[in-house]
Amino acid sequence: MVRVLISAWIGAWSLAAPLSGTAAGILFDATVDRDTLTLGDPVLLNLRIRRDPGDTVVLLQNEGFLAPFEVRRRMPPAVREAPGGGVEETLAYELAVYRLGVVEIPSLALLVRTAGGDSGLITSQPIPVVVRSVMPAGMSDIRDVKPPVDVEARIPRWFWFVVAALAGLAAAAIWFWRRRRNKPAVDPPPQIRWPDEVEKILRMRLLENGEYKRYYSLLSEAMRRYLEDRFRVDAMERTTHELVQDLERVPVGNAELSALDGLLSEADLVKFAKFRPPDDVAEDAAQAVLDLMRRLDAQHRNGEERTENAAPAAVTP
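Here you go:
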């Protein structure tokens with residue numbers, strides 16, 4: 050392959066302003082890896098800049114940089130120490146062209162500013178490249194390669210998947226809404242008779258089997274759920290002390306609060322401190338829960354009756 054070497058020295062006729070001998074060490078080379086290629090094949094353009102470390106150079110690139118060649122790829126610049134001193138910088142571009150015949154790589158311009166303050170331009174001469182057809186000799190029934198053309202944009206396939214998914218979600222939402230609207234009304238659950246729940250615990254005969262912890266846990270849970278049902282307090286998530294304080298604001302009588310505090314505290318000792326009360330005390334615990342529920346029921350009903358029968362306060366003129 051024939052390598053085309055174009056060298057321009059600082060101080061030559063190509064500078065926009067004359068440069069002194071201080072810039073004589075700057076070299077700008079433009080070469081290609083081959084001067085004959087097939088239509089569409091890549092050709093590598095190498096630019097070599099040798100300068101002093103204090104010099105500044107800029108390769109000028111306008112809108113039609115390297116036209117009619119197409120820049121396929123720009124390699125990262127390589128900088129190394131030049132033999133004999135100075136810095137050697139290499140720029141490489143992979144080009145392609147879609148025109149037959151002799152096509153020229155256009156002249157390039159390098160803006161130079163030396164460490165001494167001189168400035169100017171170094172320009173290269175065009176590099177001719179022979180571009181041949183891809184068709185074999187004597188063939189004329191196929192068309193030659195053409196440059197890339199813009200293709201009218203089409204809606205991507207993923208867009209239709211998104212539209213279908215949104216339509217499916219909309220259909221599912223409509224179906225769910227109609228089903229919920231036509232759903233028959235559900236009767237409220239029957240009211241729980243809490244004394245019957247305590248009787249169920251007694252019929253389990255837990256004390257006879259020595260299951261004191263389970264026995265007191267079930268009694269404590271039944272009592273707390275009863276309080277939530279009657280007085281709308283958060284009994285299951287509160288400590289015994291916090292629950293008694295909440296019930297003082299309902300209000301609940303002091304005697305009932307004291308009895309409740311004693312029952313739940315005793316259950317806490319059995320559940321968490323492995324305390325075992327005497328057998329007669331344990332047997333009476335369920336009856337104490339039943340008695341307290343009845344007293345609280347009566348108190349609750351009396352409070353509702355007083356609220357309903359309370360007359361509005363008279364207004365004194």
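Numbered according to this note's numbering, the sequence shown spans residues 50 to 366. Note that the Cβ used here is the ideal one computed from N, Cα and C, for glycine as well.
Rounded separation between residue i and residue j - CA only
i	j	result
D317	L267	12 Å
S69	S156	In this predicted model, S69 has a pLDDT of only 40, less than 50, meaning its place in the structure is not dependable; the value taken from the coordinates is given anyway. Cα to Cα, the separation comes out at about 24 Å.
R229	Q240	26 Å
V301	V247	21 Å
L115	V136	25 Å
G30	N95	Nothing can be reported for residue 30: it is not among the residues displayed for the chain, which extend from 50 to 366.
R254	A222	52 Å
D310	D346	17 Å
D368	E138	Within the shown structure, residues of the chain are numbered from 50 to 366, placing residue 368 beyond reach of any answer.
G134	V106	17 Å
I204	P132	57 Å
N303	N258	35 Å
R252	D245	11 Å
K262	L296	26 Å
R375	E260	Shown here, the chain extends from 50 to 366; a query on residue 375 therefore has no answer.
Q110	W207	39 Å
Buried or exposed (CB count within 10 angstroms, at least 16 for buried), residue i
i	result
A72	Only weak support exists for where A72 lies, its pLDDT of 44 falling under 50; the coordinates are left without a value.
N351	exposed
D278	exposed
R99	buried
K169	First, the amino acid is wrong: residue 169 is Gly here, not Lys. So G169 counts as buried.
A334	buried
D440	Residue coverage of the chain in this structure runs from 50 to 366, which leaves residue 440 outside it and unanswerable.
E112	exposed
T368	The shown model of the chain, from 50 to 366, leaves out residue 368, and the question about it has no answer.
T288	exposed
W243	buried
Contact check, residue i vs residue j, beta carbons under 9 Å
i	j	result
R344	E305	yes
A337	L256	no
P177	D84	yes
L144	L108	no
I250	A271	yes
L341	A308	yes
V161	I75	yes
L88	Y147	yes
Y265	K323	no
L313	L292	yes
I154	P126	no
P327	E315	no
Residues that residue i bridges to, as DSSP identifies them
i	result
S168	R162
N258	Paired residues: none, contrary to the question.
I75	Paired residues: none, contrary to the question.
A141	N95
P125	DSSP lists no partner for P125.
V178	V152
T85	V179
T80	N95
heavy atom of the ligand MN below 8 Å from residue i C-beta
i	result
V151	Although the ligand MN was asked about, the structure shown includes no ligands whatsoever.
### Query
If we count Cβ pairs, one from each stretch, closer than 8 Å, do we get three or more for the region 201-215 versus the region 176-183?
no
### Query
Three or more beta-carbon pairs under 8 Å between the region 117-124 and the region 73-87, yes or no?
no
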